[in-house]
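Written below as structure tokens is the structure these notes are about.
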Amino acid sequence: MEGGHWDDVNVPLGGTRPSVVLVDDSKEVRAVVHRLLQSAGFEIVGEGGDGDEAIILAFRNQPELLLLDTSMPKVDGIEALPAILALSPETKVVMFTGFEEPGLAARARELGASDYVEKSIRLEELPERLARALDAPRVQPSLNAGAGGTTYADSAHSVHRESADLQEQAVLNEHVQQFRELFDRAEIGMATLTSSGTIVRANRALASLMSCSPYDLVGVDYGRLTVGMGDELDRKLEDICTLGEDLTSFEHHLPAPPGQEHTRIVRATLAPIRDAKQQVLYVFAQVHDVTAQRTVESELRRSEENFRRLVTAVRDYAIYMLDADGVVISWNSGAQRIKGYTASEIVGQNFRVFYTPEDRQDGHPEHNLEMAMLQGSYAEEGWRVRKDGTRFWARATLTAVYDDAGKHVGYAKVTRDQSQQREHEEERRSFLEQRVHLLALTAHELRNPTAVIDGSAGALLATWDAMSTDEREGLLIGIRGSADRLRLLASDLSSAARSAVDTLPQRLETVSLVETLRTAAARAQAAGAGIKIVTEIAREGEFSGDPGRLAQALDNLLDNAVRHGTPPVGLIGAVDDVVRICVTDAGSGVPDELVPHLFERFAVIGPSGGTGLGLHLVREIARRHGGDVTYRAPAGNQPTTFEITIPRRHDAAT
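Numbering-wise (my numbering), the sequence shown opens with residue 289 and increments by one.
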């Protein structure tokens with residue numbers, strides 16, 4: 289065609305018919321252009337539907353001209369262009385596209401295209417544009433060309449003939465009718481892609497995310513912007529082109545701009561532009577920057593994960609979730625420890641199983657749910673049932689849970705085993721009651737001897753000279769006896785206080801059984817005139833003990849026998865491997881109802897009362913010696929007996 293021109297019937301001078309390869313993924317477009325070019329004197333030597341086929345056809349046919357569509361599946365025209373020119377250097381390539389994009393035209397020329405023809409031109413103009421491309425000098429590919437580009441809007445030459453078929457023009461117009469308006473001023477990133485993912489147009493918002501100009505993105509495979517998610521992009525495009533999806537999206541990171549470490553996260557939404565036969569022409573992409581949102585969500589997920597780990601690790605509290613009907617839907621380790629169920633055993637069951645049969649019969653579980661709904665949360669203490677059927681005292685809080693839309697979705701339940709706390713509270717209450725009882729008893733015990741001392745002293749002061757010697761002696765004996773009672777009361781209170789705080793000091797030494805019993809009997813007889821203590825040593829011996837503490841224990845037993853028992857009072861001892869010391873009397877013994885509590889603090893013996901501390905102290909002293917004290921009720925010829933039994937050899941540390 290060098291130096292040639294077209295005549296009125298569009299037949300090339302000299303009879304030469306230029307060879308053309310036509311590549312477009314639309315069969316309809318190829319049919320229209322085929323007829324048009326053939327009638328204009330071109331010879332169509334090959335047709336194809338994608339970039340791969342274009343490369344093969346160019347190599348096989350070495351055509352003078354190749355009309356190449358921009359957007360095609362698998363490999364588009366922009367991607368195939370360098371390979372075509374490498375395999376067929378003499379071929380003039382004309383890009384045939386529906387994109388009215390100067391930047392894309394410039395990029396195509398940089399890659400070696402001879403012309404860039406938009407499908408929106410009148411069909412009558414296409415043969416002339418191709419003829420001009422054949423006459424034009426061969427364009428060498430350049431990767432460093434500027435951002436200019438020719439749009440050929442100033443073309444003064446065109447083939448003037450009427451359209452033979454307006455319907456054929458409509459087929460081409462269909463390819464461009466949806467691409468007239470692109471949103472360069474949109475605040476979100478937008479791009480038009482070929483069906484294989486090459487960017488043919490990008491707006492300023494998308495370029496801003498990449499810290500570049502929109503022109504820099506033209507011709508770039510969008511997969512290169514996804515930071516390792518190119519395969520995901522290919523799958524999404526396959527869903528659109530092959531499976532007929534109308535909308536698909538995925539999230540990916542953008543490459544970090546130079547000098548920056550942190551990448552941005554975007555959500556790319558892909559929507560196909562189809563022709564009348566639903567064939568994908570191009571793909572429109574909206575790219576939303578979701579970095580801030582995902583950062584917040586990441587922090588929230590991290591916080592939720594930390595909270596989940598915390599809840600799971602808590603062992604002192606049963607923390608679990610119920611659905612709106614009270615069915616267990618989550619379970620932590622504390623719940624398993626307290627209630628005995630594993631997660632697999634309890635999830636899916638109604639929380640009624642944790643209540644006693646009486647509570648279930650009364651509808652108490654449902655009542656708690658109702659109260660939580662009415663009040664927002666509801667707390668109570670009560671008996672709960674473990675998996676093995678045992679009961680425990682629980683402190684439970686039930687809180688209604690709602691989703692972000694305000695819809696009720698269930699309940700959060702927190703339960704703590706309060707059994708030990710309840711026991712401690714009962715012990716504390718009992719101890720306080722004992723304290724009150726002790727104060728009352730102490731006041732009672734102080735009143736009588738104080739009255740005796742006060743009255744006797746007053747009488748002696750007022751009528752000393754008028755009294756006989758026997759009368760004065762009787763009053764003085766009463767004063768002394770009352771003083772002894774006060775001394776004993778003080779000793780009991782002091783010893784009980786030391787026992788309560790576990791501070792009964794002990795000093796072990798070698799003790800003689802005979803001497804221990806003899807001195808104990810002498811003290812008891814001196815405390816009360818006319819008292820007779822019968823002492824019996826079955827087997828004499830020495831043993832390890834605290835003589836002061838043993839004396840204190842024997843004084844309490846002998847005082848009880850004298851005050852509450854019946855003579856004769858006996859003191860019997862024997863030393864073998866163990867030491868046995870018995871205090872006996874001929875009385876009726878301890879009332880049956882008091883026997884189970886005999887050695888407890890504040891237990892009271894006999895009608896005359898007392899502090900109830902003496903026998904408790906005796907037991908503590910015996911146990912500090914590694915032994916114990918027992919009570920035997922009278923039976924037959926056997927008297928009422930309190931027996932202390934301790935090892936012959938005892939280590940104070942033990």
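The beta-carbon is built from N, C-alpha and C at its ideal position, and this holds for glycine as well.
The model shown is predicted, which means the values in this text are computed figures rather than measured ones.
Sorted by chain position, which residues of the same chain lie with C-beta nearer than 7 Å to Tyr608's C-beta, five sequence neighbours on each side aside?
Taken in chain order, the residues that qualify are Val616, Ser618, Trp619, Asn620, Ala623, Lys701.
With H, G and I counted as helix, E and B as strand and the rest as coil, what does DSSP make of Leu399?
Three-state DSSP puts Leu399 in coil, outside helix and strand.
The beta strand (DSSP E) that contains Gln574, what's its start and end?
Where Gln574 is concerned, the enclosing beta strand (DSSP E) stretches over 568–577.
When the Cα atoms are used, what is the spatial distance from Ile932 to Arg768?
Approximately 30 Å between the Cα atoms of the pair.
Near Ala474, which residues of its chain fall below 7 Å by C-beta distance, leaving aside the five closest residues on each side in sequence?
Once the five neighbours on either side are set aside, the close Cβ partners of Ala474 are Asn491, Ala493.
Within its chain, find whatever has a CB closer than 7 Å to the CB of Ile553; leave out the 5 residues flanking it on each side and keep chain order.
Answer for Ile553: Glu539, His541, Val578, Thr579, Arg582, listed in chain order.
Starting from Cys529, trace the alpha helix (DSSP H) both ways and give me its first and last residue.
518–529 is the span of the alpha helix (DSSP H), which, as asked, contains Cys529.
Which residues in the same chain have their Cβ closer than 8 Å to the Cβ of Tyr629, if we skip the five residues on either side of it in sequence?
Correct list, in chain order: Trp619, Ala623, Lys675.
Grab the span of the alpha helix (DSSP H) containing Phe384 for me, first residue to last.
Run containing Phe384: none in the alpha helix (DSSP H); it sits in the beta strand (DSSP E), 380–385.
What did DSSP end up calling Asp865 once you bin it into helix, strand or coil?
If DSSP states are grouped into helix, strand and coil, Asp865 belongs with coil.
Would you call the segment 794–814 and the segment 833–849 touching, i.e. three or more CB-CB distances under 8 Å?
Segments in contact, yes.
Answer with buried or exposed for Ser586, where buried requires no fewer than 16 other C-beta atoms within 10 angstroms of its C-beta.
Answer is exposed; the Cβ neighbour count stays below 16.
Just the Cα atoms here: how many angstroms apart are Thr304 and Pro390?
Going from the Cα of Thr304 to the Cα of Pro390 covers about 33 Å.
According to the neighbour-count rule (16 or more other Cβ atoms, all chains shown, within 10 Å of its Cβ), is Asp252 buried or exposed?
As shown, the chain starts at 289 and ends at 942. That puts residue 252 outside it, with no answer to give.
Can you list, in chain order, the residues of its chain whose CB lies under 6 Å from that of Ala631, leaving out five sequence neighbours each side?
Only Trp619 meet the Cβ criterion.
With Gly365 and Met383 assumed to form a contact (beta carbons below 8 Å), what rounded beta-carbon distance in angstroms separates them?
Indeed they touch by this definition, with Cβ atoms about 6 Å apart.
Would Leu375 pass as a contact of Leu310 if the rule is Cβ separation under 7 Å?
Against a cut-off of 7 Å, the Cβ pair of Leu310 and Leu375 comes out as no contact.
Looking at the structure shown, is Ile634 part of a helix, part of a strand, or coil, going by DSSP?
The answer is helix: DSSP assigns Ile634 an H, G or I state.
Pick helix, strand or coil for Thr583, following the three-state DSSP scheme.
Residue state, collapsed to three classes: helix.
Under the rule that 16 or more other beta-carbon atoms within 10 Å means buried, what is Val724, buried or exposed?
With fewer than 16 other Cβ atoms within 10 Å, it is exposed.
Give me the Cα-Cα distance between Ala544 and Met498, rounded to the nearest whole angstrom.
Taking the straight line joining both Cα atoms gives about 8 Å.
Within its chain, find whatever has a CB closer than 7 Å to the CB of Ala346; leave out the 5 residues flanking it on each side and keep chain order.
Contacts found: Val309, Leu354, Ile372, Leu375, Ser376, Thr379.
With a threshold of 6 Å on Cβ separation, who are the neighbours of Val575 within its own chain once the five nearest residues in sequence on each side are excluded?
Counting only Cβ-Cβ distances below 6 Å, and skipping sequence neighbours, we find Gly477, Leu494, Val554, Ala556.
Within this structure, are the beta carbons of Ser800 and Glu824 separated by less than 7 Å?
Their beta carbons are not under 7 Å apart, which means Ser800 does not touch Glu824 by this criterion.
Quick one: using the 10 Å Cβ neighbour count with 16 as the cut-off for buried, is Asn925 buried or exposed?
By the neighbour-count rule (16 or more Cβ atoms within 10 Å), Asn925 is not buried but exposed.
Answer with buried or exposed for Pro415, where buried requires no fewer than 16 other C-beta atoms within 10 angstroms of its C-beta.
Buried, since its Cβ has 16 or more Cβ neighbours within 10 Å.
Report the residue from Arg760, Leu610, Ile821 whose alpha carbon sits nearest the alpha carbon of Val635.
Cα-wise, what sits closest to Val635 is Leu610.
Use the C-beta contact count for Gly339: other C-beta atoms within 10 angstroms, 16 or more gives buried, fewer gives exposed.
Buried: at least 16 other Cβ atoms inside 10 Å.
In the DSSP assignment, find the beta strand (DSSP E) that holds Leu353 and state where it starts and stops.
Leu353 -> beta strand (DSSP E) spans 353–357.
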